[in-house]
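In the UniProt record's numbering, the protein residues as written are 1 to 283.
In C-alpha coordinates, the structure reads:
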(Lines of atoms letter the chains of each structure in order from A; the text may use other names.)
(Lines give C-alpha, C1' and ligand atoms only; values in the text may rest on other atoms or scores of the structure.)
Protein backbone atom coordinates (compact mmCIF):
# COMPACT_ATOMS: atom_id res chain seq x y z
CA UNK A 1 0.00 0.00 0.00
CA UNK A 2 1.35 3.42 -0.96
CA UNK A 3 1.62 5.79 1.99
CA UNK A 4 0.71 8.93 0.03
CA UNK A 5 -3.09 9.04 0.05
CA UNK A 6 -3.67 12.63 -1.05
CA UNK A 7 -1.66 14.38 -3.75
CA UNK A 8 -2.39 17.92 -4.96
CA UNK A 9 -5.58 17.84 -2.84
CA UNK A 10 -6.96 14.75 -4.57
CA UNK A 11 -7.38 11.26 -3.16
CA UNK A 12 -4.87 8.81 -4.61
CA UNK A 13 -7.57 6.14 -4.42
CA UNK A 14 -9.82 7.81 -7.00
CA UNK A 15 -8.86 6.24 -10.32
CA UNK A 16 -11.16 8.54 -12.31
CA UNK A 17 -8.87 11.52 -11.59
CA UNK A 18 -6.95 12.82 -14.58
CA UNK A 19 -3.60 12.35 -12.88
CA UNK A 20 -1.56 13.35 -15.90
CA UNK A 21 -3.23 16.79 -15.85
CA UNK A 22 -3.13 17.01 -12.05
CA UNK A 23 0.62 16.36 -11.87
CA UNK A 24 1.32 18.76 -14.74
CA UNK A 25 -0.70 21.62 -13.19
CA UNK A 26 0.66 21.11 -9.64
CA UNK A 27 -2.37 23.02 -8.38
CA UNK A 28 -3.76 23.02 -4.84
CA UNK A 29 -7.54 23.26 -4.97
CA UNK A 30 -7.69 24.64 -1.42
CA UNK A 31 -5.71 27.76 -2.34
CA UNK A 32 -6.42 27.74 -6.10
CA UNK A 33 -2.68 28.21 -6.62
CA UNK A 34 0.37 26.13 -7.38
CA UNK A 35 1.36 23.98 -4.39
CA UNK A 36 3.82 26.00 -2.34
CA UNK A 37 5.84 22.99 -1.19
CA UNK A 38 8.64 22.79 -3.72
CA UNK A 39 11.76 20.65 -4.04
CA UNK A 40 14.91 22.44 -2.94
CA UNK A 41 16.86 20.68 -5.68
CA UNK A 42 14.26 21.56 -8.34
CA UNK A 43 12.17 24.68 -7.47
CA UNK A 44 9.94 24.19 -10.53
CA UNK A 45 8.57 20.96 -9.07
CA UNK A 46 5.96 21.01 -6.31
CA UNK A 47 5.86 18.02 -3.98
CA UNK A 48 2.09 18.17 -3.54
CA UNK A 49 1.69 15.66 -0.70
CA UNK A 50 -1.25 16.59 1.54
CA UNK A 51 -1.90 13.45 3.59
CA UNK A 52 0.06 10.27 4.24
CA UNK A 53 -0.54 7.00 6.05
CA UNK A 54 1.61 6.61 9.16
CA UNK A 55 1.96 4.57 12.33
CA UNK A 56 1.20 0.97 13.20
CA UNK A 57 -2.41 1.37 12.11
CA UNK A 58 -1.45 3.33 8.98
CA UNK A 59 -3.86 6.17 9.76
CA UNK A 60 -4.15 9.28 7.56
CA UNK A 61 -1.94 12.09 8.87
CA UNK A 62 -2.17 15.58 7.37
CA UNK A 63 1.27 17.05 6.67
CA UNK A 64 0.25 20.26 4.87
CA UNK A 65 -1.58 23.05 6.73
CA UNK A 66 -3.36 24.15 3.54
CA UNK A 67 -5.20 20.82 3.64
CA UNK A 68 -7.17 22.21 6.58
CA UNK A 69 -8.78 24.78 4.27
CA UNK A 70 -11.11 22.19 2.73
CA UNK A 71 -14.55 23.74 2.10
CA UNK A 72 -13.40 26.61 4.35
CA UNK A 73 -15.16 24.71 7.13
CA UNK A 74 -12.66 25.90 9.74
CA UNK A 75 -13.89 29.47 9.24
CA UNK A 76 -17.54 28.46 9.52
CA UNK A 77 -16.71 26.61 12.74
CA UNK A 78 -15.20 29.81 14.20
CA UNK A 79 -18.09 32.15 13.38
CA UNK A 80 -19.59 31.81 16.86
CA UNK A 81 -16.45 33.40 18.34
CA UNK A 82 -17.29 36.71 16.61
CA UNK A 83 -19.23 37.94 19.63
CA UNK A 84 -20.25 41.30 18.11
CA UNK A 85 -20.98 40.03 14.59
CA UNK A 86 -24.53 40.84 13.46
CA UNK A 87 -26.73 39.77 10.53
CA UNK A 88 -25.99 42.05 7.60
CA UNK A 89 -22.31 42.38 8.43
CA UNK A 90 -19.83 41.21 5.82
CA UNK A 91 -17.22 38.55 6.52
CA UNK A 92 -13.62 38.71 5.31
CA UNK A 93 -10.74 36.23 5.52
CA UNK A 94 -7.38 37.98 5.77
CA UNK A 95 -4.16 35.95 5.61
CA UNK A 96 -0.72 36.45 7.18
CA UNK A 97 -1.57 39.20 9.65
CA UNK A 98 1.29 40.62 11.74
CA UNK A 99 0.62 41.09 15.44
CA UNK A 100 2.78 41.64 18.53
CA UNK A 101 4.29 38.23 19.22
CA UNK A 102 4.41 37.06 15.61
CA UNK A 103 1.90 36.65 12.81
CA UNK A 104 -1.40 34.83 12.44
CA UNK A 105 -2.21 32.59 9.48
CA UNK A 106 -5.74 33.91 9.02
CA UNK A 107 -8.07 36.41 10.61
CA UNK A 108 -11.83 36.07 10.19
CA UNK A 109 -13.20 39.63 10.17
CA UNK A 110 -16.73 40.98 10.55
CA UNK A 111 -17.32 44.40 8.97
CA UNK A 112 -20.19 46.85 8.58
CA UNK A 113 -20.01 49.71 6.11
CA UNK A 114 -16.37 48.71 5.49
CA UNK A 115 -15.52 49.23 9.15
CA UNK A 116 -14.19 46.39 11.30
CA UNK A 117 -16.63 45.34 14.01
CA UNK A 118 -15.01 42.13 15.25
CA UNK A 119 -12.35 39.56 14.39
CA UNK A 120 -10.97 36.18 15.44
CA UNK A 121 -7.46 34.85 14.73
CA UNK A 122 -7.05 31.39 13.21
CA UNK A 123 -3.73 29.52 13.28
CA UNK A 124 -3.19 26.27 11.35
CA UNK A 125 -0.85 23.49 12.47
CA UNK A 126 -0.24 20.08 10.95
CA UNK A 127 2.53 17.60 11.60
CA UNK A 128 6.04 18.23 10.32
CA UNK A 129 7.84 15.29 8.79
CA UNK A 130 11.39 14.06 9.22
CA UNK A 131 13.23 12.43 6.36
CA UNK A 132 11.67 12.63 2.91
CA UNK A 133 8.25 11.73 1.47
CA UNK A 134 9.57 12.10 -2.10
CA UNK A 135 10.29 8.37 -2.78
CA UNK A 136 6.76 7.45 -1.65
CA UNK A 137 5.38 10.20 -3.86
CA UNK A 138 7.35 8.88 -6.84
CA UNK A 139 6.20 5.33 -6.16
CA UNK A 140 2.61 6.57 -6.29
CA UNK A 141 3.24 8.25 -9.62
CA UNK A 142 4.68 4.98 -10.92
CA UNK A 143 1.53 3.13 -9.80
CA UNK A 144 -0.58 5.77 -11.56
CA UNK A 145 1.40 5.35 -14.76
CA UNK A 146 2.93 8.84 -14.69
CA UNK A 147 6.32 9.38 -16.33
CA UNK A 148 8.91 10.52 -13.78
CA UNK A 149 12.05 12.62 -14.21
CA UNK A 150 14.04 10.53 -11.74
CA UNK A 151 14.06 7.02 -10.29
CA UNK A 152 13.63 8.02 -6.65
CA UNK A 153 10.88 5.42 -6.29
CA UNK A 154 13.66 2.88 -5.88
CA UNK A 155 15.09 4.68 -2.86
CA UNK A 156 14.78 3.05 0.56
CA UNK A 157 14.73 6.44 2.29
CA UNK A 158 11.70 6.89 4.49
CA UNK A 159 9.99 9.58 6.53
CA UNK A 160 8.78 10.02 10.09
CA UNK A 161 6.67 12.43 12.10
CA UNK A 162 8.22 15.10 14.28
CA UNK A 163 5.56 14.87 16.98
CA UNK A 164 7.48 16.43 19.86
CA UNK A 165 8.96 19.42 18.03
CA UNK A 166 5.71 20.19 16.20
CA UNK A 167 3.65 20.14 19.40
CA UNK A 168 6.13 22.10 21.51
CA UNK A 169 6.69 24.72 18.81
CA UNK A 170 3.00 25.48 18.25
CA UNK A 171 2.26 25.68 21.98
CA UNK A 172 5.13 28.13 22.46
CA UNK A 173 3.84 30.19 19.53
CA UNK A 174 0.34 30.19 20.97
CA UNK A 175 1.76 31.29 24.30
CA UNK A 176 3.32 34.32 22.62
CA UNK A 177 0.26 35.24 20.57
CA UNK A 178 -2.59 34.62 22.97
CA UNK A 179 -1.51 37.48 25.23
CA UNK A 180 -2.16 39.93 22.38
CA UNK A 181 -5.63 38.57 21.67
CA UNK A 182 -6.52 38.34 25.35
CA UNK A 183 -5.37 41.93 25.88
CA UNK A 184 -7.75 43.23 23.20
CA UNK A 185 -10.57 40.90 24.29
CA UNK A 186 -10.55 38.80 21.10
CA UNK A 187 -10.32 35.07 20.41
CA UNK A 188 -7.54 32.98 18.87
CA UNK A 189 -8.20 29.52 17.41
CA UNK A 190 -5.62 26.80 16.84
CA UNK A 191 -6.84 24.45 14.11
CA UNK A 192 -5.16 21.06 13.97
CA UNK A 193 -5.76 17.36 13.35
CA UNK A 194 -7.16 15.17 16.11
CA UNK A 195 -4.04 12.94 16.02
CA UNK A 196 -1.77 15.86 16.91
CA UNK A 197 -4.12 17.02 19.65
CA UNK A 198 -4.18 13.50 21.10
CA UNK A 199 -0.38 13.58 21.24
CA UNK A 200 -0.37 16.97 22.98
CA UNK A 201 -2.86 15.69 25.53
CA UNK A 202 -0.51 12.80 26.36
CA UNK A 203 2.72 14.78 26.47
CA UNK A 204 1.57 18.09 27.99
CA UNK A 205 -0.71 19.14 30.80
CA UNK A 206 -4.20 19.48 29.29
CA UNK A 207 -6.21 18.50 32.37
CA UNK A 208 -7.35 22.08 32.95
CA UNK A 209 -8.63 22.55 29.38
CA UNK A 210 -12.37 23.16 29.08
CA UNK A 211 -14.05 20.41 27.07
CA UNK A 212 -16.44 21.31 25.54
CA UNK A 213 -15.01 24.75 24.90
CA UNK A 214 -16.24 27.85 26.73
CA UNK A 215 -17.00 30.81 24.46
CA UNK A 216 -15.65 33.18 27.12
CA UNK A 217 -12.08 31.84 26.85
CA UNK A 218 -9.57 33.60 24.63
CA UNK A 219 -7.74 30.46 23.40
CA UNK A 220 -9.62 27.79 21.44
CA UNK A 221 -8.42 24.49 19.94
CA UNK A 222 -10.43 22.94 17.11
CA UNK A 223 -9.37 19.40 16.19
CA UNK A 224 -10.49 17.71 12.96
CA UNK A 225 -10.50 14.08 12.01
CA UNK A 226 -9.93 12.78 8.48
CA UNK A 227 -12.88 10.64 7.37
CA UNK A 228 -12.73 8.35 4.35
CA UNK A 229 -15.86 8.75 2.22
CA UNK A 230 -17.81 6.21 0.15
CA UNK A 231 -16.28 7.63 -3.05
CA UNK A 232 -12.77 7.03 -1.59
CA UNK A 233 -12.15 10.73 -1.03
CA UNK A 234 -11.22 12.17 2.37
CA UNK A 235 -13.23 14.78 4.27
CA UNK A 236 -12.50 16.85 7.37
CA UNK A 237 -14.90 16.60 10.29
CA UNK A 238 -14.76 18.65 13.49
CA UNK A 239 -13.95 16.15 16.21
CA UNK A 240 -13.51 18.24 19.37
CA UNK A 241 -13.30 21.79 20.70
CA UNK A 242 -11.25 22.79 23.74
CA UNK A 243 -10.58 26.19 25.26
CA UNK A 244 -8.43 27.93 27.85
CA UNK A 245 -6.74 31.23 28.68
CA UNK A 246 -3.16 32.49 28.42
CA UNK A 247 -2.58 31.08 31.91
CA UNK A 248 -3.88 27.76 30.62
CA UNK A 249 -1.32 27.69 27.80
CA UNK A 250 1.38 28.35 30.40
CA UNK A 251 0.13 25.35 32.35
CA UNK A 252 0.25 23.23 29.17
CA UNK A 253 3.92 24.08 28.80
CA UNK A 254 4.64 23.66 32.48
CA UNK A 255 5.74 27.27 32.77
CA UNK A 256 3.79 27.95 35.93
CA UNK A 257 5.10 24.74 37.49
CA UNK A 258 8.66 25.76 36.63
CA UNK A 259 8.04 29.18 38.13
CA UNK A 260 6.81 27.59 41.37
CA UNK A 261 9.88 25.36 41.52
CA UNK A 262 12.16 28.34 41.02
CA UNK A 263 10.27 30.29 43.67
CA UNK A 264 10.63 27.44 46.15
CA UNK A 265 14.35 27.22 45.42
CA UNK A 266 14.77 30.93 46.10
CA UNK A 267 12.74 30.71 49.30
CA UNK A 268 14.82 27.75 50.50
CA UNK A 269 18.02 29.67 49.77
CA UNK A 270 16.78 32.72 51.67
CA UNK A 271 15.47 30.60 54.54
CA UNK A 272 18.94 29.13 55.06
CA UNK A 273 20.59 32.54 55.14
CA UNK A 274 18.33 34.62 57.34
CA UNK A 275 19.36 35.02 60.96
CA UNK A 276 19.57 37.64 63.68
CA UNK A 277 22.66 38.91 61.87
CA UNK A 278 20.70 39.65 58.75
CA UNK A 279 17.80 41.35 60.55
CA UNK A 280 17.19 44.87 59.30
CA UNK A 281 17.30 47.35 62.18
CA UNK A 282 16.61 51.04 61.47
CA UNK A 283 19.50 53.28 62.52
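By construction, the Cβ of each residue, glycine as well, lies at the ideal position given by its N, Cα and C atoms.
Taking the alpha-carbon of residue i as reference, which of the options has the nearest alpha-carbon?
i, options, result
"residue 99", "8, 198, 41, 173", "173"
"residue 73", "272, 250, 236, 275", "236"
"residue 67", "33, 176, 85, 39", "33"
"residue 55", "104, 3, 22, 36", "3"
"residue 190", "44, 277, 75", "75"
"residue 82", "231, 254, 62, 220", "220"
"residue 102", "155, 170, 60, 108", "170"
"residue 192", "238, 158, 153", "238"
"residue 94", "5, 44, 104, 149", "104"
"residue 132", "196, 153, 43, 44", "153"
"residue 214", "78, 11, 200, 90", "78"
"residue 116", "84, 80, 275, 166", "84"
"residue 124", "135, 107, 112", "107"
"residue 245", "273, 38, 88, 188", "188"
Need the endpoints of the beta strand (DSSP E) that residue i sits in, please.
i, result
"residue 247", "It is not in any beta strand (DSSP E) - residue 247 instead sits in the alpha helix (DSSP H) that spans 246 to 253."
"residue 61", "59 to 62"
"residue 111", "102 to 112"
"residue 7", "4 to 7"
Taking the alpha helix (DSSP H) that residue i belongs to, which residues open and close that run?
i, result
"residue 86", "Counting along the chain, residue 86 falls outside any alpha helix (DSSP H), and DSSP gives it neither H nor E."
"residue 25", "19 to 25"
"residue 47", "Per DSSP, residue 47 belongs to no alpha helix (DSSP H) and is neither H nor E."
"residue 75", "73 to 76"
Residues in its own chain within less than 7 Å of residue i by CB, not counting five upstream and five downstream?
i, result
"residue 30", "9, 66, 67, 69, 70"
"residue 249", "171, 174, 175, 178, 219"
"residue 60", "5, 51, 53, 226, 234"
"residue 12", "2, 4, 5, 6, 140"
Below 8 Å CB to CB, which residues in the same chain sit around residue i once its five sequence neighbours on both sides are set aside?
i, result
"residue 186", "118, 119, 120, 121, 218"
"residue 58", "1, 3"
"residue 18", "none"
Counting only the same chain and skipping the five closest in sequence on each side, list residues whose C-beta sits under 6 Å from that of residue i.
i, result
"residue 205", "251, 252"
"residue 149", "none"
"residue 242", "209, 211, 213, 221"
Review point. Can you list the alpha helix (DSSP H) stretches of 4 or more residues lying completely in the stretch 183 to 225, in chain order?
Key: 194 to 203
Review point. Where in the stretch 124 to 182 do unbroken runs of the alpha helix (DSSP H), each at least 4 residues long, occur, reported from the N-terminal end onward?
Key: 134 to 143
Check your understanding: Counting pairs of beta carbons, one from the stretch 15 to 24 and one from the stretch 141 to 153, are three or more of them closer than 8 Å?
Key -> yes
Review point. Can we say the stretch 205 to 212 touches the stretch 175 to 183, given the rule of at least three CB pairs closer than 8 Å?
Key: no
Practice item. Could you tell me whether the stretch 148 to 166 touches the stretch 122 to 131, where touching means 3 or more Cβ pairs closer than 8 Å? Key: yes
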